[in-house]
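**Student:**
Residue numbers (the numbering used here): 53 to 457.
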């Protein structure tokens, strides 16, 4: 039996904690065994929320057993635009300029999807985000939309050209996904032209698959969105990379069709191509250091995530006395390395995948880690899941210092 948390419970009864980079947690060496339950896929959830918001004929119940901050950000953003989301049900309709700023917090995906909704609907909106999101590049998508080029906070205006939009897909697939998802907000067809070599292509494929499931025929051609009455969000395959560091099994691994390219395997030369799965770079690098070693390629776009995830993964692993080398588009690791307890606080730069990798390694060696709540972005129950398997994690109240605890 599935346990579903209602979306309006999250909105009205409990707010997901904002990330506080100064918060610390201490992890002690632990003997772990058991099964981990993965969170719902935020990639699926964010897309279904957008699509359901455009179904003018019927409501859509979206079922998830927990909701991370990225998904909550989308719910809050759509609500500010006039979309009704109550009791896990989304009632679609037109969107309107909000009375105040939409805070995209740490979510690049929510920001870009909502930017396209605004521009394609012919309205305007002011956006802002946390320190991490402010540091990420937004110029290329602002250029595509025809809005003034500036850093966050910025204002998005109606599209300048309703006949054609040119989108650079060389750093992320979020821009092309945002445009495809926003097409029903238009009153006329638009030509969507992509330039550069695409990355994270499986996410763009997921977007188009879900668009077709709701009635789309051709990219750029508006359609009347018809969502299923009920949508159950599959588990997030990318999150399985963290329990793998600890050799823990997963109780709810999604089917390959729902894995969005995260069910990768090495080729015969020990090479892992992350062109379509750059979110795996930190936990996969850690696992390869501990096991057989290997080469990660196709991950240059990981530089544009919450942190420069290539550089920061190297730094993170070095904290645990694990060595790897940067290459032109990834990392190279020798195998059979033995991690050691870091001598100082492990910085994770507000990047949830760095923090979650650090926590997993900390279960092996012990560690004090900054970014106590970063996992809430995608997997609020991550620490509790590890604790249920035997992890010894000491939580900080954001003000204390567990280094001396």
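Backbone N, C-alpha and C define an ideal beta-carbon position, used for all residues, glycine too.
Return yes when the Cβ of residue 335 is within less than 9 Å of the Cβ of residue 287, no when it is not.
**Tutor:** Not a contact, by the Cβ cut-off of 9 Å.
**Student:** Compare the Cα-Cα distances from residue 260 to each of 240, 231, 251 and 283 and report the closest residue.
**Tutor:** Comparing Cα positions, the closest option is 231.
**Student:** Is residue 372 helix, strand or coil by DSSP?
**Tutor:** Correct three-state label for residue 372: coil.
**Student:** Report the rounded CA-to-CA distance for residue 418 versus residue 347, giving the unit in angstroms.
**Tutor:** Between residue 418 and residue 347, the C-alpha separation is close to 27 Å.
**Student:** Which stretch, first to last residue, makes up the beta strand (DSSP E) that contains residue 128?
**Tutor:** It is not in any beta strand (DSSP E) - residue 128 instead sits in the alpha helix (DSSP H) that spans 121–132.
**Student:** Residues in the same chain with beta-carbon distance under 6 Å from residue 175, minus the five sequence neighbours each way, listed in chain order, please.
**Tutor:** Cβ within range, chain order: 149.
**Student:** Determine the DSSP secondary structure at residue 7, reduced to helix, strand or coil.
**Tutor:** Residue 7 is absent from the model: the chain starts at 53 and stops at 457.
**Student:** Helix, strand or coil for residue 296, going by three-state DSSP, please let me know.
**Tutor:** If DSSP states are grouped into helix, strand and coil, residue 296 belongs with the helices.
**Student:** Roughly how many angstroms separate the alpha carbons of residue 186 and residue 410, rounded to a whole number?
**Tutor:** One C-alpha to the other measures close to 24 Å.
**Student:** With DSSP as the reference, please indicate the residues paired to residue 179 in a beta bridge.
**Tutor:** Answer by DSSP bridge pairing, in chain order: 154 and 206.
**Student:** Quick check: what's the CA-CA separation for residue 435 versus residue 305?
**Tutor:** Going by the C-alpha atoms only, they are around 18 Å apart.
**Student:** Just to confirm before moving on: does the CB-CB distance between residue 38 and residue 100 stay below 9 Å?
**Tutor:** In the structure displayed, the chain extends from 53 to 457; residue 38 sits before or after that span and is not available.
**Student:** To which residues of the same chain is residue 111 closer than 6 Å at the C-beta, ignoring the five residues directly before and after it?
**Tutor:** If we look at residue 111 and ignore the five residues flanking it on each side, its Cβ neighbours are 141 and 143.
**Student:** With DSSP as the reference, label residue 444 as helix, strand or coil.
**Tutor:** Strand.
**Student:** Consult DSSP for residue 80 and reduce its assignment to one of helix, strand or coil.
**Tutor:** Strand at residue 80.
**Student:** Tell me where the alpha helix (DSSP H) around residue 228 begins and ends.
**Tutor:** Here the alpha helix (DSSP H) through residue 228 covers 226–234.
**Student:** Thinking residue 225 and residue 256 are a contact (beta carbons under 8 Å), I'd like their distance in whole angstroms, please.
**Tutor:** Correct: roughly 4 Å between the Cβ atoms.
**Student:** Under the assumption that residue 122 contacts residue 93 (Cβ atoms under 8 Å), give the Cβ distance between them as a whole number of angstroms.
**Tutor:** Their Cβ separation, rounded to whole angstroms, is 11 Å, which puts residue 122 and residue 93 out of contact at 8 Å.
**Student:** DSSP three-state call for residue 116: helix, strand or coil?
**Tutor:** Looking at residue 116 - three-state DSSP - the assignment turns out to be coil, as it is neither helix nor strand.
**Student:** To the nearest angstrom, how far is it from the Cα of residue 73 to the Cα of residue 420?
**Tutor:** Note that residue 73 has pLDDT 47, beneath the 50 cutoff, so the model's placement of it is unreliable and no number is given.
**Student:** Roughly how many whole angstroms lie between the Cα atoms of residue 392 and residue 85?
**Tutor:** Taking the straight line from one Cα to the other gives about 21 Å.
**Student:** If you draw a straight line from the alpha carbon of residue 137 to that of residue 130, how long is it in whole angstroms?
**Tutor:** About 8 Å.
**Student:** If you reduce the DSSP assignment to three classes, tell me which class residue 220 lands in.
**Tutor:** In this structure, residue 220 counts as strand in the three-state DSSP scheme.
**Student:** According to DSSP, residue 325 sits in a beta bridge with which residue or residues?
**Tutor:** According to DSSP, residue 325 bridges with 349.
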